[in-house]
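Worksheet for the structure shown next.
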Amino acid sequence: MVPWCMSKTIILYNTASKKEEVFTPIETDKVAIYSCGPTVYHYPHLGNLRAVVFADTLRRMFMFAGYSVTHIINITDVGHLTSDSDDGDDKMEKGAAREGKSVWDIAKFYTDDYFNSLKLLNIPLDAYTFPRATDTIPEQIALIQSLVDKGYTYTITDGIYFDTSKFPSYADFAHLDIKGLQSGARVTENAKKKNITDFALWKFSPKDEQRQMEWDSPWGKGFPGWHIECSAMSKKILGPHFDIHTGGIDHIPVHHTNEIAQSVCANDEKYVNYWMHVNFLNDASGKMSKSNGDFLRLQTLLEMNIDPLVYRYYLLMTHYRAEIAFSFESLHAAETAYNKLIAYLHEHRDSEGVVIESYKNAFEDAMYNDLGTPTAIALIWKLIKDTTCNDADKVSTIFDFDSTLGLGLKEQSEKKDEIVIIPDEIQKLLNERKTAKENKDYNHSDQLRTEIEKRGYIITDTQGEQKVTKI
Ligand code: AMP
Ligand code: ZN
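For the sequence shown, my numbering begins at 76 and goes up steadily by one.
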């Protein structure tokens with residue numbers, strides 16, 4: 076008998092071929108995934124969390140399809156530099172200076188915070204291996220050594236570099252225009268590098284300065300370049316050739332391009348079969364990033380009484396390859412929908428039903444088609460409205476789907492009493508009050524607040540948004 080996981084085809088978009096491809100695992104019924112994780116010098120912002128929610132949904136989809144999944148998320152706790160071109164400040168040392176702590180304390184604090192965010196987003200820690208870059212220095216040194224031995228490197232004053240001209244297909248993955256890069260190079264670019272795209276494998280510690288993080292190596296005291304850690308950690312745990320590698324689209328032209336070059340050259344075999352990249356979550360200024368220090372994080376949402384699972388629902392409403400322009404307005408719309416869903420499940424949670432096969436088929440078609448989460452969510456609403464199915468079966472079917480979506484629907488529907496469903500007429504008054512405030516018509520906005528309170532709801536204004544609780 077064909078195992079049932081093989082009975083449906085899984086299609087994934089592969090950045091390497093720029094095409095949707097049928098997924099074929101290296102080992103039957105098994106999938107090995109490596110996801111680039113956080114640099115732990117600051118809190119994760121909502122964009123970083125988009126990347127990990129995507130990775131977790133991918134893992135859940137494979138579990139749903141019957142695969143056994145090995146999934147790695149690395150923790151970058153050794154300072155890579157603020158610039159992709161191997162100069163600039165060390166991010167970890169920068170974080171340590173900002174807070175007057177040691178780099179090791181900074182790494183521990185922000186790793187713990189990251190784990191906490193994952194738990195709040197229903198990402199089970201025990202489903203993953205989380206290797207730390209600082210725990211795999213010998214493996215990184217061994218990989219660099221094999222590149223040195225094979226003649227792929229050269230040494231200049233500040234470190235050992237990978238010579239990208241020795242890997243002829245270097246530009247292919249990201250379709251790089253090397254000539255264009257060369258002419259657009261900044262004046263500050265390391266002039267001793269042979270080619271603009273060459274990158275550091277090992278950086279030497281400055282002679283006159285003791286770094287907080289440095290290690291002995293065959294080439295002297297120093298620290299690894301950023302890219303080598305992912306090649307070394309994935310090789311250590313998954314072997315030199317594995318199924319899927321994920322990360323944000325920012326990693327395509329440099330980090331993942333460099334990973335491919337050094338892994339293929341060191342191991343003499345293909346590195347990864349499917350590369351999957353999640354698009355950006357943007358704020359008003361563009362790509363949300365940690366370096367400007369002023370960013371939205373899960374704590375911001377918690378302070379506004381927004382459940383992190385609402386954020387997960389919000390993310391899944393957009394396909395992972397599409398950009399999201401973050402706004403509180405759209406997040407609140409997702410909150411209303413999520414709460415309505417929980418209210419429905421709460422009302423019917425005690426009835427025992429069966430999974431409706433036709434809906435399950437449609438759900439699988441959506442999820443196995445390059446993780447079509449928006450279609451999968453729309454299907455849930457279609458099912459709720461379907462008068463030909465009974466509520467018990469609907470609830471069982473939705474709970475079954477949620478093992479893939481990870482929205483915590485069962486647990487949430489059991490504690491629904493804390494959730495406020497805002498009736499349409501209150502929402503209208505809230506919209507009116509928002510407009511009044513934008514027009515600085517504070518008398519009218521106060522009148523509306525009183526009116527809303529009379530109808531049983533209290534408003535708290537946080538971060539320019541109106542949060543509503545029941546009296
Ligand atoms: P970092 O902590 O900056 O090394 O990033 C961790 C992960 O988040 C990487 O996979 C990045 O590509 C991803 N990432 C960073 N910024 C964003 C963003 N604004 N939207 C989506 N993913 C992002
Ligand atoms: Zn990486």
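In this text, a Cβ means the ideal position worked out from N, Cα and C, and glycines have one as well.
Item to check | Residues whose Cβ lies closer than 5 Å to any heavy atom of the ligand ZN, in chain order | outcome: 111, 305
Item to check | Residue interval of the beta strand (DSSP E) (run including residue 416) | outcome: Run containing residue 416: none in the beta strand (DSSP E); it sits in the alpha helix (DSSP H), 403-422.
Next on the checklist: Please tell me whether, using a cut-off of 6 Å, the distance from the CB of residue 363 to the nearest non-hydrogen atom of the ligand AMP is below it.
Outcome noted: yes
Checklist entry - Beta-carbon separation of residue 132 and residue 352 under 7 Å? => result no
Next on the checklist: Just to confirm the assignment: which complete beta strand (DSSP E) runs, minimum length 3, are found wholly within the stretch 243-320?
Outcome noted: 274-279, 297-299
Checklist entry - Near residue 428, which residues of its chain fall below 8 Å by C-beta distance, leaving aside the five closest residues on each side in sequence? => result Here the set comprises 465, 466, 467, 468, 469, 470, 471, 472.
Checklist entry - Which one or two residues does DSSP pair with residue 141 in a beta bridge? => result Bridge partners of residue 141: none, in fact.
Checklist entry - Taking the alpha-carbon positions, what's the residue 211 to residue 291 distance? => result Distance between the alpha carbons of residue 211 and residue 291 is about 13 Å.
Checklist entry - My guess is that residue 509 and residue 541 are in contact by the Cβ rule of under 8 Å, so how many angstroms apart are they, rounded? => result 7 Å
Checklist entry - According to DSSP, is residue 395 helix, strand or coil? => result coil
Next on the checklist: Using only CA atoms, which one of 522, 530, 482 lies nearest to residue 135?
Outcome noted: It is 482 whose Cα lies nearest to the Cα of residue 135.
Item to check | Alpha-carbon spacing of residue 145 relative to residue 535, whole angstroms | outcome: 44 Å
Checklist entry - What are the start and end residues of the beta strand (DSSP E) that includes residue 351? => result Unbroken beta strand (DSSP E) run through residue 351: 347-353.
Next on the checklist: Looking at the ligand GTP, does it come within less than 6 Å of residue 387, judged from the CB to the closest heavy atom?
Outcome noted: Questions concerning the ligand GTP fall outside what the structure shown contains, since the ligands it does hold are the ligand AMP and the ligand ZN.
Checklist entry - Would residue 277 be called buried (16 or more neighbouring beta carbons within 10 Å of its own) or exposed? => result Under the 10 Å beta carbon count, residue 277 is surrounded by 16 or more other beta carbons and is classified as buried.
Item to check | Given 8 Å, three or more beta-carbon pairs between the stretch 380-389 and the stretch 430-450 | outcome: no
Checklist entry - Regarding residue 355 and the ligand AMP, is the C-beta to nearest heavy atom distance less than 6 Å? => result yes
Next on the checklist: Is any non-hydrogen atom of the ligand AMP found closer than 6 Å to the C-beta of residue 326, if you look at the structure I gave you?
Outcome noted: yes
Checklist entry - For residue 105, which three-state DSSP category applies? => result Assigned with DSSP and collapsed to three states, residue 105 falls in strand.
Item to check | Per-residue burial, residue 285 [other beta carbons within 10 Å of its own, 16 or more giving buried] | outcome: Of the other Cβ atoms in all chains shown, fewer than 16 fall within 10 Å of the Cβ of residue 285; this residue is therefore exposed.
Checklist entry - Enumerated in chain order, which unbroken segments of the alpha helix (DSSP H) with a length of 4 residues or greater are wholly contained in the stretch 495-534? => result 499-513, 517-529
Next on the checklist: At 3 residues or longer, what runs of the beta strand (DSSP E) sit wholly inside the stretch 190-246?
Outcome noted: Counting only runs of 3 or more, we get 228-231, 234-237.
Item to check | For residue 271 and residue 252, the rounded distance between their alpha carbons | outcome: Computed Cα separation, rounded: 11 Å.
Checklist entry - Between the Cα of residue 107 and the Cα atoms of 420, 390, 349, 360, which residue gives the shortest distance? => result By alpha-carbon distance to residue 107, the top candidate from 420, 390, 349, 360 is 349.
Next on the checklist: Can you list, in chain order, the residues of its chain with a C-beta nearer than 7 Å to that of residue 504? Leave out the 5 residues immediately preceding and following it.
Outcome noted: Here the set comprises 523, 526, 527.
Checklist entry - Straight-line CA distance for residue 396 to residue 94? => result Between the alpha carbons of residue 396 and residue 94 lies a gap of roughly 13 Å.
Item to check | Spatially closest choice to residue 341 from 410, 227, 360, 117, by CA coordinates | outcome: Residue 227 is the option with its Cα nearest to residue 341.
Checklist entry - Near residue 76, what residues of its chain come up, given a Cβ to Cβ distance below 7 Å and the 5 sequence neighbours on each side ignored? => result In this prediction, residue 76 scores a pLDDT of 39, lower than 50, which makes its location untrustworthy; no coordinate-derived value is stated.
Checklist entry - Apart from the five residues on each side of it in sequence, which residues of its chain come closer than 6 Å, Cβ to Cβ, to residue 487? => result 417
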